[in-house]
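What follows is a short report on a single structure.
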Amino acid sequence: MSDKMRIIVMGQQAFGKDCLARILDEGRDEVVGVYCEPDREGKPIDPIKEHGLEKGIPVEQPANFDDKATVDKLASYKPDLMVMAFVNVFVPEAARDTPTHGSICFHPSLLPLHRGPSAVNWPIIMGSKKSGYSWFYPSDGLDEGDSLLQWECEIGPDDTVIDLYFKKIYPSAVESVVQVCDLFRAGNPPRIVPNETEATYERRCTKKHAHIDWNKPVGQVYDLIRGTNPAPGAWTTLKSEEVQVFDCARVMGDGVSSKVIEISDDGVTVQCIGGRILIKRVRPAGGGKVAATDWAASAGLSAGDMLGS
Numbered sequence: 003m004s005d006k007m008r009i010i011v012m013g014q015q016a017f018g019k020d021c022l023a024r025i026l027d028e029g030r031d032e033v034v035g036v037y038c039e040p041d042r043e044g045k046p047i048d049p050i051k052e053h054g055l056e057k058g059i060p061v062e063q064p065a066n067f068d069d070k071a072t073v074d075k076l077a078s079y080k081p082d083l084m085v086m087a088f089v090n091v092f093v094p095e096a097a098r099d100t101p102t103h104g105s106i107c108f109h110p111s112l113l114p115l116h117r118g119p120s121a122v123n124w125p126i127i128m129g130s131k132k133s134g135y136s137w138f139y140p141s142d143g144l145d146e147g148d149s150l151l152q153w154e155c156e157i158g159p160d161d162t163v164i165d166l167y168f169k170k171i172y173p174s175a176v177e178s179v180v181q182v183c184d185l186f187r188a189g190n191p192p193r194i195v196p197n198e199t200e201a202t203y204e205r206r207c208t209k210k211h212a213h214i215d216w217n218k219p220v221g222q223v224y225d226l227i228r229g230t231n232p233a234p235g236a237w238t239t240l241k242s243e244e245v246q247v248f249d250c251a252r253v254m255g256d257g258v259s260s261k262v263i264e265i266s267d268d269g270v271t272v273q274c275i276g277g278r279i280l281i282k283r284v285r286p287a288g289g290g291k292v293a294a295t296d297w298a299a300s301a302g303l304s305a306g307d308m309l310g311s
């Protein structure tokens, strides 16, 4: 099959917009429609909507696909393939199967590992050494279904969510959307059947998961901080005042866990079990991100003080 495909791109935010732009730049297929979430009051226009409108592509924003009229509207575009890039809305089978070749969906993990909404955070928090992404055939189950293709990358020992997602997964994934379309256009796209014995599901990583326990092994503490940087942001307390912890480093040293060992130009060093964390950047409650040294001075922090109590 070498003819141009008629493609629907469904997504949101920068990733959806960049996938749309990449397909348009390649010019091998025709994007006949863009689907994104409804506008939110007080929020800026979604980048994928903005780009679609700039390119003269019809934009649809259904809240769901529960009614026949919405599915009929999708069918009216006569799509060959629906590319689902960063989708939060549940898309039922009737809509997914409307295009000639069905739909394909992006997920930022090596499925069936880390199904769920925080697939970039959890591998880092769990101390994994690798991650990646999958383009998979969506089903009614969350992030279930066979994969079309997968891409793997290393999680470095100091990688944060910014490093893993924005510097590694994101650029490769945007480029891969062209390969995704090529595989469907060529006919007989691959199906990688997941090994369900390896499947994991983790719920959304939220503030309650990001609470730092300085009385844990230093490796676990470090992985939690970098696996929640920049969001949702690890946090601790000083005299009942919350403070979020972002950039940090793991350093050697022994002592009483949760104690502030040193305050220097480099930051605030806190003892854990089997090692220390050098905190470099924080966000005090109600404020912006600041150097940890500046926070220590404004908060009256001293060596010997205890965090998290």
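For any residue, its number in our numbering is found by taking its place in the sequence shown, counting from 1, and adding 2.
Ideal placement from N, C-alpha and C gives every residue a C-beta, glycine not left out.
From the options, residue whose alpha carbon lies closest to that of residue i
i, options, result
"F108", "E39, M86 and I9", "M86"
"F17", "M7, D48 and A212", "D48"
"Y139", "G29, P191 and T239", "P191"
"L144", "D225, M12 and A201", "A201"
"G29", "D5, E198 and G229", "D5"
"I50", "E43, G44 and G58", "G58"
"R278", "S259, P286, S266 and D296", "S259"
"C155", "V93, V122, R24 and R283", "V122"
"W137", "A301, V176 and H213", "V176"
"D69", "H53, V61, A97 and I281", "A97"
"A71", "G54, L280, T100 and D307", "T100"
One or two residues paired with residue i in a DSSP bridge
i, result
"L293", "The sequence shown places Ala at residue 293, not Leu. BP columns for A293 point to R283."
"P219", "I275"
Local Cβ density within 10 Å of residue i, reported as buried at 16 or more and exposed below that
i, result
"R117", "buried"
"P46", "exposed"
"S311", "exposed"
"F67", "buried"
"I127", "buried"
"N217", "exposed"
"M254", "exposed"
"M3", "Its pLDDT being 46, under 50, M3 is placed unreliably in this model, and the value from its coordinates should be taken loosely. Classification of M3: exposed, given that the 10 Å Cβ count is below 16."
"I170", "Ile is not the amino acid found at residue 170; the sequence shown has Lys there. That one is buried."
Within 8 Å, strictly: CB atoms of residue i and residue j
i, j, result
"G13", "V89", "yes"
"S174", "W153", "yes"
"V179", "R24", "yes"
"H103", "L76", "no"
"S111", "G134", "yes"
"L309", "V272", "yes"
"P232", "I164", "yes"
"G269", "T295", "yes"
"Q246", "A236", "yes"
Any C-beta of chain D under 8 Å from that of residue i
i, result
"W137", "The displayed structure is made up of one protein chain only, and chain D is not part of it."
Practice item. Please specify which runs of the beta strand (DSSP E), each continuous and at least 3 residues long, are wholly inside the stretch 96-128, giving them in chain order. Key: 105-109
Review point. In chain order, which beta strand (DSSP E) runs of at least 3 residues are fully inside the stretch 134-173?
Key: 149-156
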